[in-house]
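**Q** Going by the numbering used here, the residue at position 112 of the sequence shown is 114; the numbering climbs one at a time, nothing skipped. Cβ atoms here follow ideal geometry from the backbone N, Cα and C, with glycine treated the same way. Computed from a predicted structure; not experimentally measured. This is the structure I want to talk about, given as structure tokens.
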Amino acid sequence: MDRREIAALLAYIGRLDPRTIRTDQGEARDQLAQWHELLGDVPMATPHGWDARVAARQHIRISPYPILPADVARPWESYRRDRLARHTDPTPSVDPDDQAAWTAELAGTRRAVATGTTQPAQARAITSGRDGIDPKLEARLREIGSCIPPAARAALAPYRPARAAREAAVAQGMPDALSVRCEWCLAQPGEPCRRRRIGPDDGARGTAPRATPHPGRLDLAAAQQAQQPAMA
Ligand SMILES: [Zn+2]
């Protein structure tokens, strides 16, 4: 708040609590200087829910003590902290190889969130879809998509059958078997099921990945999917 805003805030406070009004001109000037010194970096209002007048009014409403600059600064600090705690750094829209620009955009976004000019960005997983994505980044993603271009991905499919089967299953809305551990062959989540290779002497000779998961693993994934609420 600049001096003019501080003066407006003090006038508003004076209307709600006449004890804070300084009639002596020197005292009024000192009061203005003191509040400005302490609250110069606190905005009067932001587009996202902060208003110094609301904080002042709340104090006067519930406290028997005359308001001090701290009674505005403290709510502002907790407003900032709360917003930063809810913020998850979104992926910057600049070239990831440009380290300086990347860091600058992350820091700039955090600053904007803290000072209340931007809403906190939340993890995409808990918000609905891609609404929150920066339009510049959206364009970049359209351009690049996956790190494997679609054509190359399709060409690779025969060589990575387990992965291709998983992608096909997920695309069709079927349970993702690889999201759980296989109780049969003990393959870890993300790893394809393995079958044992039997040597001529009937002894096990290592394992080879299977293109399709063991049926029990599919059932387990289906059961787990049924337990979880559907994601948007
Ligand atoms: Zn298995």
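With distances taken from CA atoms, which of His216, Arg197, Met176 is nearest Ala228?
**A** Taking the first residue of the sequence shown as 1, we reach residue 228 at position 226. Taking only the C-alpha atoms, the option nearest Ala228 is Met176.
**Q** Excluding the 5 residues preceding and the 5 following Val182 in the sequence, name in chain order all residues of the same chain whose CB lies nearer than 7 Å to its CB.
**A** As a position in the sequence shown, residue 182 is number 180, starting the count at 1. Cβ within range, chain order: Pro191, Arg219, Leu222, Ala223, Gln226.
**Q** Can we count Arg219 as close to ligand 1, meaning its CB is less than 6 Å from some heavy atom?
**A** Here residue 219 refers to the residue found at position 217 of the sequence shown. At least one heavy atom of ligand 1 is nearer than 6 Å to the Cβ of Arg219, so yes.
**Q** Taking all protein chains shown into account, do 16 or more other C-beta atoms lie within 10 angstroms of the C-beta of Arg199, making it buried, or fewer, making it exposed?
**A** As a first step, residue 199 must be located in the sequence shown, where it is residue number 197. Exposed, by the Cβ-count rule.
**Q** Per DSSP, which residues does Ala47 bridge with? Please list them.
**A** Locating residue 47 in the sequence shown gives position 45, where the first residue counts as 1. Ala47 pairs with Asp53.
**Q** Hey, would you say the C-beta of Ala166 is under 6 Å away from at least one heavy atom of ligand 1?
**A** The sequence position of residue 166 within the sequence shown is 164, counting from 1. Ala166: no, Cβ never under 6 Å from ligand 1.
**Q** When the Cα atoms are used, what is the spatial distance from Thr2 to Thr117?
**A** Residue 2 is absent from the model: the chain starts at 3 and stops at 234.
**Q** Taking 8 Å as the threshold, find out whether the region 33-48 comes into contact with the region 66-75 through three or more Cβ pairs.
**A** Verdict: yes, contact present.
**Q** Give every residue of the same chain whose Cβ lies closer than 8 Å to the Cβ of Ile15, excluding the five residues on either side of it in the sequence, and list them in chain order.
**A** The residue you call residue 15 lines up with position 13 of the sequence shown. Contacts found: Thr22, Ala58, Ile62, Ile69.
**Q** If we ignore side chains and look at the alpha-carbon of each, how far apart do Val96 and Gln60 end up?
**A** Within the sequence shown, residue 96 is the residue found at index 94, counting from 1. Within the sequence shown, residue 60 is the residue found at index 58, counting from 1. Answer to the nearest angstrom: the Cα atoms are 42 Å apart.
**Q** What I want to know is whether the C-beta of Ala189 ends up closer than 6 Å to one or more non-hydrogen atoms of ligand 1.
**A** Locating residue 189 in the sequence shown gives position 187, where the first residue counts as 1. Yes, the beta carbon of Ala189 sits closer than 6 Å to at least one heavy atom of ligand 1.
**Q** For Ala166 and Val172, I'd like the C-alpha separation in whole angstroms.
**A** For this step, residue 166 is matched to residue 164 along the sequence shown. For this step, residue 172 is matched to residue 170 along the sequence shown. Each residue's Cα considered, the two are about 10 Å apart.
**Q** Go ahead and label Pro20 buried or exposed: buried means 16 or more other beta carbons lie within 10 angstroms of its beta carbon, across all protein chains shown.
**A** The count along the sequence shown starts at 1 and reaches residue 20 at position 18. Answer is exposed; the Cβ neighbour count stays below 16.
**Q** Thinking C-alpha only, which one of Pro49, Ala9, Glu107, Thr120 is nearest Ala93?
**A** Mapped onto the sequence shown, residue 93 falls at position 91. Strictly speaking, residue 93 in this sequence is Thr, with Ala absent from that position. When only C-alpha atoms are compared, the closest one is Glu107.
**Q** Below 7 Å between beta carbons: does that hold for Arg155 and Val115?
**A** Start at 1 with the first residue of the sequence shown, and residue 155 comes out as number 153. Start at 1 with the first residue of the sequence shown, and residue 115 comes out as number 113. Not in contact: Arg155 and Val115 (Cβ atoms no closer than 7 Å).
**Q** With distance defined between alpha-carbon atoms, name the residue in Thr119, Gln124, Glu79, Ala102 nearest to Arg88.
**A** Locating residue 88 in the sequence shown gives position 86, where the first residue counts as 1. The candidate whose alpha carbon is nearest that of Arg88 is Gln124.
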